[in-house]
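So the structure is just underneath, and the comments pick up after that.
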Amino acid sequence: MSRLVKKSPSLCVDLPLDNTDVCNKLRLLRQLMTSCYGPTGKLKLVHNNIGGHVVTTSTSSVLLAAISSSQPLVNLIKTSVLNHVSRFSDCGLFAACLCLDLIEQAKQSGLRGNVCIGLNRHFLAVCVSYLQREDCCCKVKLDFCSSHNLIALARSVISSKPACLLTEQETLHISKLAVQAFLLTLPCDKPGTVSLGQTVTICVEGHSVLNSAVFPGLLVDVTGVLCVNKSDNLSSHRMLLFSASLAGDIPELGEGIIEVSSGVDTDARILDQLLDLGKQAVEDDVKLFVCQKVIHPVLQHYLRSRGVIVIERLGITLMEPLILLTGAHPVATLHTSLQPKAYGKVRDLSIRQFGSKTLLHLLAHGESAICTMVLCHRNETMLSELKLVCQKTEHVLRLTLREPYALFGGGCTETHLAAYVRHKCTDRVTESAAVLGCSESEYLLGMDRFCSSLESVAKSLEHNGGNSLIDLTHAHNWTVHADVMNRCVEGSLGFCGCGLVEGGSSKKWTYLNTKYAEFSPAALTTDSPVQPRVLDSFTAKLNALQVAVETANLALDVRYIIKDVLDLARF
Amino acid sequence: MKHVNISPPSTVQTPAVMLRSTVINPRQPVGLQELAALAAVAHSSLGPDKRYKFIQDDTSGESALVCSCFRIFENLELSSAVAQLVHETVQAQQKVYNTGSGCLLFLAGAWSRAALECVHRGISVSRIISGMSDGFDICVDVLRKCSISTDGLGAVKPYSCTTTSHGLGLQVSKEPITEDSRASLHLRGTTSVGHKTLNPSGHRKIKLSRHFCQPDSKNVSTAPQPHQVFNVAHIAEGLSHGCVRAMNLVVEAVKLHQDVSCSTFDVTKVVTCVVPGLPEERACVLPGCIVLLSDEQASVAHHLKDQPLKVALINGDLSHTFRHLGFSRPAGVQHVSEQLALGSDEEEVWTVKVVALLLNLEVNLILVSGLASEKVIQHCCRRRVLVVDKVKASILKAFADATAGVPVTYATQLTKHCVGTGVKVEIRRDLGGGSERKSSTAVNISTGGNSGLFTVILTSCVRGKLQALEDQFWACAYRLHHALKDRAVLPGAGATEMLCVHHLRQRAVTAYSTQESSAGGAADLDRGVVLHLMADGLIDYISTVMVNTGRVSKVRARTVVSQQLQEHDGHVDIAAKLSQLMLEGENEDSDSKSSEMDVYDNVSVKQEAWRKALDLLFLVLQTDAEVITGVDQATGAQENLMML
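Protein chains in written order, with this note's numbering: chain A, 1 to 571; chain B, 1001 to 1644.
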């Protein structure tokens, strides 16, 4: 019996950012995000309260997806970061850290809300226009003639996830594979609009990472079901692909009802129909019979006894790559006879063994941009993180096709941008402040807050108690280990975060987030043979920067939170 | 037997970060403490003397008797994330190797204490990880260097100098080696020792090396390939790790197996059959597949015995309602009938049809991997067709291979081509289970000797022990399987660990000295500390194993180990002394031979267990928070979680 519950009045929270509870939650979220950031970031164990499967991760997409909060502001930030990650894959943590830091800095600065928002927007524009300039000193143009920078880019993404637990050698191996897979998905010499191929990932648990490999074509898991007679290695095989289930059951009826008169064996009738299909396939010389879903064992038995290779339960994810590879048209019904154009073609069927998994290797008859990456790792936890990272890397590499640039990694872009903004904006305080409708001191304060947010993000790359420094020539980011004494700091600096600048006595450093006199960060001499070792995705980072500032501005702009408190009253 | 009440480790505080809640715990080593506490469970399951544990459920009053660390975790209710990770790791080890989970867990604990110590000394996490990875590489190197090829094993003591056995390159080829090439390998490897011709009956003119010049007469007489069996028995003895009885069964099984193929031990063709109520001495190995049948079925078997039978293999259930996986029954089907259904029982109709088909195909025996319905069994019994269900998939496959039968999913699918031939049924009266609830008859189903299938009968008067006995058998079987697959073993009884300790310490000293001499600085010092502590973890392992034999106290064990380490510069011969120490206790109940018994460990199992232990530790070490989803506000506040 339903009961009428009187609706309680809604709860309205004024100026949520002044509320300590809200602030505590935001601070907690910031700690959670910054502690994950970078190659030495800390991991989080994600599980439910009744002891389910444990995920070990430091990836923003997994972590944020697991979090749900009663606090709308937390959810606002979470959602915009997740949105960014779903479009660009990389720099999710960067966006989250910067956004939360900007909010905190804005609160501490005591600037009026709208002034703060205007200033943030202004400095963001300065950053974005600088990053897009040809002469921007913290980006490199990617040269597709050499794989060096591509591998460096892939490697930076892969090494930023410590839950993969890779050694140096393994990281390099996976980075090379990622680049190889990326190159295999680029179609060669195709006129007209180019569409990229796909990389399919197969995970094999219990093996060394160094056994991972990339193959052109498609590998399908056929463990335990296959007996391929390797004798007939014809150059090309006819194949047939079903998207409809061949399990022999009556398909979903929805709301309807079927009346069956007694004595009619529906199962047998459907099976007869299936066997007819099978016969036709055999007559048409099909060598490979694939179904997305289940195939009736009797049909399988029939086909196998006629020398056909049968693969069932292919799964939805492999359908598209298989269609692209073979040119087959998936058959969605068993009620018509097979059309000749439905058949696809494959070349060279062969078996590959990876640990306990048996994989059938299919090669395209013509040209195709499908490849398969077999990822091996010692255990499930690390493997699932590795898979995620590889997919992310693939995406990052693809983004370079649109904008063939990469930014210096290792925090150097952040410190460099901060130095640039300080230098650029100090020049024209008076005009800019007037345009933005604030006082000069407000302008300078806002600038300082914005820049130190950027620097804080660079600083949070260090998790082992070390110190972060900035050099006063190129404004790159440097770290020194905690046990290095103050006086010998200069001697112990090897390379900067991105590996481009080498330490030396001619340079001067200062600790990050201490005051330094503004200067114009110098470009490196272009003829330098040194290549940056750590690179970040240009596209992803640029967007993450915008997302972070916009989201922070939105959060700063929230005046009231109105909540329906019905639930709280009842529980 | 020891009564241990294992409740989730008591020294552990719940860490915390939570959905709806999220907590960051500033005292990061909590995870490591928890890992160390969980690992304490493994202490008593190390070494040759296994202790039983009772695990009791306070709420239901049920209890379980367990003997391996894998079973302990299976029976515990694990709510914390670290415990869950540990469980997943142990399961992964168990799934592939069937042994080594105790070692894994112990070292995960010992090394997490080492890591804790590092954290207390202010060494950064990344340095701990790189130091321990280096340490692991050193250990792997030691494992590689001190592994002994199984080809050279089994020699009688005076000849078995450890230096020659591995320098010879005996274990090179990966393809299955034919008898002849194997013999020639031996020849090449041992020219300096001189050969003797054995096997005077001499169907084969092979010169055998020193390893086989003093064959154990008992073994030779029973086995067609004397050197093989001699080898295997010796290796098996060394791998028994205290489960002598279980290992003897394995060796017997291998002897049977060797008729078919050699140099590997195919565990997939082994079945265990557990017979409660008989004394443990009655355990034995028999060729063929032995199953326990009800009286009714036994009478059918009685009719069928000693004649060649035709067999049908069913992959699934044998019942009219069974449908293959993935078949969905539509909800909206109504059956409409024009006349009153006159008791036409669908099941009856189906059963009659199936039985008719079977009789038509002259099938006498059906092996079913799933369940067979009671009705079918009855019908078949009446027509003298024997139905055996719950047959392991690998056994079904072995029968398919041996009889040329084809497994099918539905009985109605059977045709002449699918029916296998040449199966025999034999009744084993001696194994009749005298269980009080229902009497059962043991029936041996075999395929005329060429299937390679055999059954291990495990017996015990104590029902609760059967599971542990079965586990022990499988652990031994897999140890031997892996030894033959690796074609190498390690010196056991702590000798390998001692060598690792030695090398780790040596490297630690080098690290200290470079730190002093060059500008290497703190990094080298830290590395030295990490390596040293890692070595301590291994010492802890060795001494715990010694303590578990019950003869020495922890203090004495540690003293002995450090004395040995000082006296010898890490040579393998310390192994002999150590193993004697550990085995002192066993001398009384076994003959004098065991005092000089070689003890071996598996190469791949040990390496993988150590690596898994480190992987687990690294994950926990790098973790600073847990995110728990689905915590409600009230419990969150209660348990002091931080809610997000």
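For glycine and all other residues, C-beta sits at the position ideal for the given N, C-alpha and C.
Assuming Ala328(A) and Leu241(A) form a contact by the criterion Cβ under 8 Å, report the distance between their Cβ atoms to the nearest whole angstrom.
-> The beta-carbon separation of Ala328(A) and Leu241(A), rounded to 4 Å, stays under the 8 Å limit for a contact.
Only counting runs of 4 or more residues, tell me where the alpha helix (DSSP H) segments fall wholly within the segment 74 to 156 of chain A, in order along the chain.
-> Those alpha helix (DSSP H) runs which fall completely within the segment 74 to 156 of chain A and span 4+ residues are 92 to 109 and 113 to 132.
Count the C-beta pairs between the segment 175 to 186 of chain A and the segment 439 to 451 of chain A that are closer than 8 Å, then say yes if the count reaches three, no if not.
-> No: fewer than three Cβ pairs fall under 8 Å.
Under 8 Å, do Leu362(A) and Val346(A) count as touching if we go by C-beta distance?
-> Here Leu362(A) is near Val346(A), since their CB atoms are less than 8 Å apart.
Pull up the distance between the alpha-carbon of Ile1542(B) and that of Lys1554(B), whole angstroms please.
-> Roughly 10 Å separates the two Cα atoms.
Would a check of beta-carbon distances place Gly1332(B) closer than 8 Å to chain A?
-> Interface residue, yes.
Among the residues of its own chain, which have a CB less than 6 Å from the CB of Cys12(A), if the five just before and after it don't count?
-> The beta carbon of Cys12(A) lies closer than 6 Å to those of Tyr560 and Ile562 in the same chain, with the five residues before and after it left out.
Rounded to a whole number of angstroms, what is the C-alpha to C-alpha distance between Val1599(B) and Ile1148(B)?
-> Straight-line Cα distance between these residues: approximately 12 Å.
If you compare alpha carbons, which of Trp478(A), Phe94(A) and Val484(A) is closest to Leu500(A)?
-> That would be Trp478(A), whose Cα lies nearest to the Cα of Leu500(A).
Check whether the Cβ atoms of Ala1246(B) and Phe1073(B) lie closer than 8 Å to each other.
-> Going by C-beta atoms, Ala1246(B) is not nearer than 8 Å to Phe1073(B).
Give the secondary structure of Pro1407(B) by DSSP, where H, G and I count as helix, E and B as strand, and everything else as coil.
-> Assigned with DSSP and collapsed to three states, Pro1407(B) falls in coil, not helix or strand.
Taking Cβ positions, are His1503(B) and Leu1565(B) nearer each other than 8 Å?
-> Contact flag unset, no.
Lys42(A) at chain B interface by Cβ criterion, 8 Å = Chain B places a beta carbon closer than 8 Å to that of Lys42(A), counting this residue as a contact.
State the start and end residues of the unbroken beta strand (DSSP E) segment that holds Phe354(A).
-> Segment Gly344 to Phe354, the beta strand (DSSP E) holding Phe354(A).
Output yes if chain A places a C-beta closer than 8 Å to the C-beta of Ile1427(B); else output no.
-> For Ile1427(B), the answer is no, since every Cβ of chain A falls outside 8 Å of its Cβ.
Under 9 Å by beta carbon: chain B residues contacting Asp284(A) | Contacts between Asp284(A) and chain B, judged by CB atoms closer than 9 Å, are missing: the closest CB pair is about 24 Å apart.
Partner residues on chain A for Arg1329(B), Cβ-Cβ distance less than 9 Å = For a Cβ distance threshold of 9 Å, residue set Asp249 and Ile250 of chain A lies close to Arg1329(B), ordered along the chain.
Candidates Val1387(B), Leu1358(B) and Glu1280(B): which alpha carbon is nearest Val1300(B)'s?
-> Nearest C-alpha to Val1300(B): Val1387(B).
Over the uninterrupted alpha helix (DSSP H) stretch that includes Met1546(B), give me the two end residues.
-> Ala1522 to Asn1548 is the span of the alpha helix (DSSP H), which, as asked, contains Met1546(B).
Residues that DSSP places opposite Ile470(A) in a beta bridge = According to DSSP, which records beta bridges pairwise, Ile470(A) is partnered with Asn477(A) and Thr510(A).
Closest to Thr1099(B) by CA distance: which of Cys1243(B), Gly1537(B) and His1303(B) is it?
-> Nearest C-alpha to Thr1099(B): Cys1243(B).
Can a CB atom of chain B be found closer than 8 Å to the CB of Met382(A)?
-> Taking Cβ atoms only, chain B reaches closer than 8 Å to Met382(A), which makes this a yes.
Quick one: any contact between the segment 1402 to 1420 of chain B and the segment 1356 to 1363 of chain B, if contact means 3 or more CB pairs under 8 Å?
-> With the cut-off at 8 Å, the segment 1402 to 1420 of chain B and the segment 1356 to 1363 of chain B touch.
What are the residues of the segment 1298 to 1323 of chain B that lie near chain A, defined by any Cβ-Cβ distance shorter than 9 Å?
-> Cβ contacts with chain A: Asn1315, Gly1316 and Arg1323.
Span of the alpha helix (DSSP H) holding His416(A)?
-> Run containing His416(A): Cys412 to Asp427, per the alpha helix (DSSP H) assignment.
Starting from Leu165(A), find everything on chain B with Cβ-Cβ shorter than 8 Å and list it in chain order.
-> Here the neighbours are Asp1615, Phe1618 and Leu1619.
Take Phe88(A) as the anchor and find which of Val549(A), Ala544(A) and His416(A) has the nearest alpha-carbon.
-> Of the candidates Val549(A), Ala544(A) and His416(A), the one whose C-alpha sits nearest the C-alpha of Phe88(A) is Ala544(A).
Do you know how far the Cα of Leu349(A) is from the Cα of Ile311(A)?
-> Spanning the two alpha carbons is a distance of roughly 13 Å.
Measuring alpha carbon to alpha carbon, tell me which of Gly494(A), Val549(A) and Val457(A) ends up nearest Val128(A).
-> Each of Gly494(A), Val549(A) and Val457(A) was checked against the Cα of Val128(A), and the nearest Cα belongs to Val549(A).
Which chain B residues sit within Cβ distance under 7 Å of Ser159(A)?
-> For Ser159(A), there are no neighbours in chain B by C-beta distance under 7 Å, as the nearest C-beta there is about 12 Å away.
Cys36(A) versus Ser69(A), Cys91(A) and Ser86(A), residue with shortest Cα-Cα distance = That would be Cys91(A), whose Cα lies nearest to the Cα of Cys36(A).
Use the C-beta contact count for Thr1108(B): other C-beta atoms within 10 angstroms, 16 or more gives buried, fewer gives exposed.
-> The question names Thr, but residue 1108(B) in the sequence shown is Ala. With 16 or more other Cβ atoms from the protein chains shown falling within 10 Å of its own Cβ, Ala1108(B) counts as buried.
Please check if any C-beta of chain A sits within less than 8 Å of the C-beta of Lys1392(B).
-> Chain A, which has no Cβ nearer than 8 Å to the Cβ of Lys1392(B), makes this no.
Can you find a CB in chain B that lies within less than 8 Å of the CB of Leu556(A)?
-> It does not: the Cβ of Leu556(A) has no partner Cβ on chain B nearer than 8 Å.
From the DSSP output, which residues share a beta bridge with Val396(A)?
-> The partner list for Val396(A) (beta bridge, DSSP) is empty, contrary to what the question assumes.
Quick one, which residues of the segment 1349 to 1379 of chain B are near chain A if we go by CB-CB under 7 Å, in chain order?
-> Listed in chain order, the positions of the segment 1349 to 1379 of chain B with a beta carbon within less than 7 Å of a beta carbon of chain A would be empty, since no residue qualifies.
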